[in-house]
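Take 45 as the starting number for the sequence shown in the numbering used here and just add one per residue. Quick reminder that beta carbons are idealized off the backbone N, C-alpha and C, glycines included. Fair warning: this is a prediction, and the values are worked out from it, not measured in the lab. Scroll down for the structure; my scribbles are underneath it.
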Amino acid sequence: MPAQLGISLGNLIFQALGFAILMFVLWRFAYKPLLRILDERRDRAQEIVEKSDQIKKDLSETEARTRGELEKARTEAQAIIAEARATRDRIVGDARDAAAAAAAAENERARAELAREREQAVAQLRRETADLAIAAATRVIGRELSTNKDLQVQLINDVLSQANSNQAGDSRMS
């Protein structure tokens, strides 16, 4: 039957043997190196993918760490700002209190000065009034009331004290 189809058994064996040799040579010298090259490429591609995944993981960790550090820095900055504001408020309050105390002390000093000056003016006025009263009495009477100047001053002071008492009583009634 193979002869009827135009197939020669010798040629078939020879061609099969040639094909087997070709396959062996291709397998040995072409296919194995090709498979090795393809495996190496696949391995390199896998390494690249793994490195890429590791880089992505490292990047996300770095981003998370950076965000954490930024948040920490922001929190610290806010704390510093709050502390600065509190310090400013404390300093302003201290300055305000010091200014108020200084103003109160100055006000009290001015009041004391005014009271002292008023007392001096009243004393001066009493002396001048006494001198005027003595001069007026001397002119009216034509002679001195007494030769003792201290006695004259004492009499006038008594009169002025009574006048002040009467005046104080009058001002309380009104």
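DSSP places residue 158 in the helix class (H, G or I) of the three-state scheme.
Here residue 48 carries a coil assignment [DSSP, helix/strand/coil]. Between the alpha carbons of residue 103 and residue 141 lies a distance of about 56 Å. Across the structure, residue 145 and residue 154 are spaced so that their CA atoms are roughly 14 Å apart. Counting along the chain, no alpha helix (DSSP H) covers residue 70, and no H or E run does either. Between the stretch 122-135 and the stretch 161-170, the count of C-beta pairs closer than 8 Å stays below three; the two stretches do not touch. With contacts defined as CB atoms closer than 7 Å, residue 204 and residue 170 qualify as a contacting pair.
Taking the Cα positions, residue 181 is about 20 Å away from residue 208. Of the residues assessed, residue 200 falls on the buried side of the cut-off, its CB having 16 or more other CB atoms within 10 angstroms.
With a beta-carbon spacing of about 12 Å, residue 167 and residue 197 fall beyond the 8 Å limit used to define contacts. Distance between residue 101 and residue 69, taken at the CA atoms: about 46 Å.
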